[in-house]
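Numbering (full-length UniProt numbering), first residue to last: 1 to 470.
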């Protein structure tokens, strides 16, 4: 077990949404001391509460005969000899254009402080970062890396964007200096419009032709160009997903922002005919770069796994499956069990989540406790169903929930107020920290029972690489 203290307390501010935010400015920001292993026989409890507690510590000793003032009790039994399950890959958030732009509106001291809050041992110790390959809706405009509007199979017009050079790459490098174990993976929202049958970056659309054809090969080469460019810029890429939300883009013909449609069958054939061999030939094979399929909703993951993992010519290039949280239900969590059982050698990673208030006038709810509870429950449910990590969406947004060129504003763990030159850590920042700070990479889920079993208490147990039990 582990001990942690807050060396700088939270300055609370209540905006009336159930709980409070912690305010950070140039003179003060709360932080957490690095973990310290606690003595044998001691259980350390960390609590974040609706009333404003953040990582408050209580120590209990095994064998205590203390009386507990409770009407009901739960007994959790851990037995590693009865079963071990998935290992943790990590936790993190996304280096979007919007996140970078907001961070850069603050004084340099606060810029570094936000990055430290996420990645340092005095923060919540993220070790994963997702990066859009080109633009996403959380950019100030739609773009790709080759917007020549003409066929460019030799990529003479390919170049990283100003957003990469000014925001993404510098911030990733700073995060990497803070946590050398940081792993970054990329996700394309759309290839250049000239590769698509609708000639647009948005509104879905397929690649022109069929897998094995010149436009599919061009898309594979486009991804390699991104990998090469980031590597040359000092940011090696740990993994990639093939396409952000490929099935959602297919189901909605007027998908409003950067998008590309794939069926599971087309993605399977693209992998084995184009992307897999191209990555391998360029030195980004399965042993060096983690290729993840799907990157869409949990409701559909079983279809993608069944289609791709059962085809050995495609599956050999794939390391895992990525999924998003937006239509999660208690029932479709079982789809993750199917994915694991289809090929236990491949990991499962949750790669995007945010509280989405689309259709409402307000999108940021500072101090929302409802969002905290949604995050905390969703993460633990995923972990109980073979998921090896959980990656949030934007790491920082403004008070409107942007910028977002498609007006798809949402909430985030950190909200930046450039006018006041301060930022606010929402309760979900600490929800993420309750997992990311304790479940280090390589931690392994072990067998446990909970008696009596109730829906109001969710639990799971992991053993860390250093032997600690969480």
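Ideal Cβ positions, reconstructed from N, Cα and C, are used throughout, including at glycine.
### Task
Drop a sphere of 10 angstroms on the beta-carbon of residue 5, count the other beta-carbons inside from all chains shown, and report buried for 16 or more, exposed for fewer.
Here residue 5 refers to the residue found at position 5 of the chain shown. Caution is warranted here: a pLDDT of 48 is assigned to residue 5, below 50, making its placement in the model unreliable, and the coordinate value is therefore given only provisionally. Counting the other Cβ atoms within 10 Å of the Cβ of residue 5 gives fewer than 16, which makes it exposed.
### Query
Just reading off the alpha helix (DSSP H) that residue 93 is part of, what are its end residues?
To locate residue 93, count along the chain shown from 1; it is residue 93. Careful: residue 93 lies outside any alpha helix (DSSP H), inside the beta strand (DSSP E) at 90-94.
#### Entry: Bridge partners - residue 132, DSSP secondary structure assignment
Taking the chain shown and counting its residues from 1, one reaches residue 132 at position 132. Residue pairing by DSSP puts residue 132 in a beta bridge opposite 187.
### Query
What residues in its chain sit with their C-beta under 7 Å from that of residue 233, if we drop five residues either side in the sequence?
Here residue 233 is taken as the residue at index 233 of the chain shown, counted from 1. Excluding residues within five positions, the ones whose Cβ falls inside 7 Å are 169.
### Task
For residue 449, name the three-state secondary structure that DSSP assigns.
As a working mapping, residue 449 is identified with position 449 in the chain shown. Reduced to three states, the DSSP call for residue 449 is strand.
### Message
Going by beta-carbon coordinates alone, are residue 89 and residue 172 separated by less than 7 Å?
### Response
Residue mapping note: residue 89 aligns to position 89 of the chain shown, counting from 1. Residue mapping note: residue 172 aligns to position 172 of the chain shown, counting from 1. Their beta carbons are not under 7 Å apart, which means residue 89 does not touch residue 172 by this criterion.
### Task
Ignoring anything shorter than 3 residues or poking outside the segment 9-69, list the beta strand (DSSP E) runs there in chain order.
List check, beta strand (DSSP E) in window: 12-14, 20-24, 42-47 and 56-61.
### Message
In whole angstroms, give me the CA-to-CA distance for residue 319 and residue 71.
### Response
Within the chain shown, numbered from 1, the residue matching residue 319 stands at position 319. Within the chain shown, numbered from 1, the residue matching residue 71 stands at position 71. A direct Cα-Cα distance of roughly 47 Å separates residue 319 from residue 71.
### Message
Using a Cβ-based criterion (distance less than 6 Å to any ligand heavy atom), does residue 270 qualify as near the ligand COA?
### Response
This structure does not include the ligand COA; it has no bound ligands of any sort.
### Task
Could you tell me whether the segment 243-254 touches the segment 278-285, using the rule of 3 or more Cβ pairs below 8 Å?
Flag = no, the segment 243-254 and the segment 278-285 do not touch.
### Query
If you scan the segment 102-158 from start to end, which runs of the alpha helix (DSSP H) of 4 or more residues do you find wholly inside it?
For secondary structure counted as the alpha helix (DSSP H) over 4 or more consecutive residues, the segment 102-158 holds these complete runs in sequence order: 108-119.
### Query
Which class does residue 473 belong to by DSSP, given the choice of helix, strand or coil?
Summary: the structure shown does not reach residue 473, with the chain confined to residues 1 through 470, and so no result is reported for it.
### Integer-rounded CB distance, given that residue 260 should sit under 8 Å from residue 248
Here the question's residue 248 lines up with position 248 in the chain shown. Here the question's residue 260 lines up with position 260 in the chain shown. About 11 Å separates the two Cβ atoms, so there is no contact after all.
### Query
Thinking just about the alpha-carbon of each residue, which of 426, 315, 397 and 442 is nearest to the one in residue 106?
Here residue 106 is taken as the residue at index 106 of the chain shown, counted from 1. Residue 106 has its Cα closest to that of 397, out of 426, 315, 397 and 442.
#### Entry: C-alpha distance - residue 38 paired with residue 167, whole-angstrom precision
Counting from 1 along the chain shown, the entry for residue 38 is found at position 38. Counting from 1 along the chain shown, the entry for residue 167 is found at position 167. Rounded to the nearest angstrom, the two C-alpha atoms are 40 Å apart.
### Task
Have a look at residue 393 and residue 25 and give me their C-alpha separation to the nearest angstrom.
As a first step, residue 393 is located in the chain shown; it is residue number 393 there, counting from the start. As a first step, residue 25 is located in the chain shown; it is residue number 25 there, counting from the start. Between residue 393 and residue 25, the C-alpha separation is close to 23 Å.
### Message
Out of 399, 246 and 426, which one is the CA nearest neighbour of residue 369?
### Response
Locating residue 369 in the chain shown gives position 369, where the first residue counts as 1. With respect to the C-alpha of residue 369, the residue from 399, 246 and 426 having the closest C-alpha is 426.
### Query
Quick one: is residue 321 buried, meaning 16 or more other Cβ sit within 10 Å of its Cβ, or exposed?
What you label residue 321 is simply residue 321 of the chain shown in a count that begins at 1. Only buried fits residue 321, as 16 or more other CB atoms lie within 10 angstroms of its CB.
### alpha helix (DSSP H) runs contained entirely in the segment 298-336, provided each spans 4 or more residues
As far as the segment 298-336 is concerned, its whole alpha helix (DSSP H) runs of at least 4 residues are 301-308 and 312-315.
### Message
What does the alpha-carbon distance come out to for the pair residue 84 and residue 272?
### Response
Numbered from 1 along the chain shown, position 84 holds the residue referred to as residue 84. Numbered from 1 along the chain shown, position 272 holds the residue referred to as residue 272. Their Cα atoms are separated by approximately 32 Å.
### Simplified DSSP state of residue 395, which is helix, strand or coil
Residue numbering aside, residue 395 sits at position 395 when the chain shown is read from its first letter. Under the three-state reduction of DSSP output, residue 395 falls in the coil class, being neither helix nor strand.
### Message
Within 10 Å of its beta-carbon, does residue 419 have 16 or more other beta-carbons around it, so buried, or fewer, so exposed?
### Response
Against the chain shown, residue 419 aligns to sequence position 419. In summary, residue 419 is exposed, with fewer than 16 beta-carbon neighbours lying within 10 Å of its beta-carbon over all protein chains present.
### Query
With residue 295 and residue 245 assumed to form a contact (beta carbons below 8 Å), what rounded beta-carbon distance in angstroms separates them?
Against the chain shown, residue 295 aligns to sequence position 295. Against the chain shown, residue 245 aligns to sequence position 245. Contact flag correct, Cβ pair sits at about 7 Å.
### Query
Of all the beta strand (DSSP E) runs that stay within the bounds of the segment 220-245, which reach a length of 3 or more residues?
Segments of the beta strand (DSSP E) lying fully in the segment 220-245: 239-241.
### Query
Is there a Cβ from chain C that is less than 7 Å from the Cβ of residue 180?
The structure shown contains no chain C; it is built from a single protein chain.
### Message
Quick check on residue 465: does DSSP put it in helix, strand or coil?
### Response
As a position in the chain shown, residue 465 is number 465, starting the count at 1. Annotated three-state conformation of residue 465 is coil, per DSSP.
### Message
Spatial neighbours of residue 374 within its chain, please: C-beta separation below 8 Å, excluding the five flanking residues on both sides.
### Response
On the chain shown, residue 374 is found 374 positions in, with the first residue counted as 1. Result list for residue 374: 355, in chain order.
### Task
Take residue 437 and list the residues in its own chain whose beta-carbon comes closer than 6 Å to its own, dropping the five residues that flank it on each side.
Counted from its first residue, the chain shown places residue 437 at position 437. Correct list, in chain order: 124 and 125.
### Through-space distance from residue 382 to residue 16, alpha-carbon basis
Within the chain shown, the letter at position 16 stands for residue 16. Within the chain shown, the letter at position 382 stands for residue 382. Rounded to whole angstroms, residue 16 and residue 382 show a C-alpha spacing of 30 Å.
### Query
Are three or more beta carbon pairs between the segment 123-142 and the segment 398-406 nearer than 8 Å?
Per the Cβ contact rule, the segment 123-142 is in contact with the segment 398-406 (3 or more Cβ pairs under 8 Å).
### Message
Do residue 347 and residue 388 count as a contact pair if the criterion is CB distance below 7 Å?
### Response
In the chain shown, the residue the question calls residue 388 occupies position 388. In the chain shown, the residue the question calls residue 347 occupies position 347. Remark: C-beta atoms of residue 388 and residue 347 approach each other more closely than 7 Å.
### Query
To the nearest whole angstrom, what separates the beta carbons of residue 408 and residue 189, a pair I think is in contact under 8 Å?
Here residue 408 is taken as the residue at index 408 of the chain shown, counted from 1. Here residue 189 is taken as the residue at index 189 of the chain shown, counted from 1. Not quite, the Cβ-Cβ distance comes to about 12 Å (not below 8 Å), so this is no contact.
### Query
To the nearest whole angstrom, what separates the beta carbons of residue 395 and residue 118, a pair I think is in contact under 8 Å?
Working through the chain shown from its first residue, we reach residue 395 at position 395. Working through the chain shown from its first residue, we reach residue 118 at position 118. So it is a contact: roughly 6 Å between Cβ atoms.
### Query
What is the DSSP secondary structure of residue 345, reduced to helix, strand or coil?
Residue numbering aside, residue 345 sits at position 345 when the chain shown is read from its first letter. Judged by DSSP in its simplified three-state form, residue 345 adopts coil rather than helix or strand.
### Task
To the nearest angstrom, report how far apart residue 45 and residue 217 are at their CA atoms.
Counted from its first residue, the chain shown places residue 45 at position 45. Counted from its first residue, the chain shown places residue 217 at position 217. Using only the alpha carbons, I get a separation of about 53 Å.
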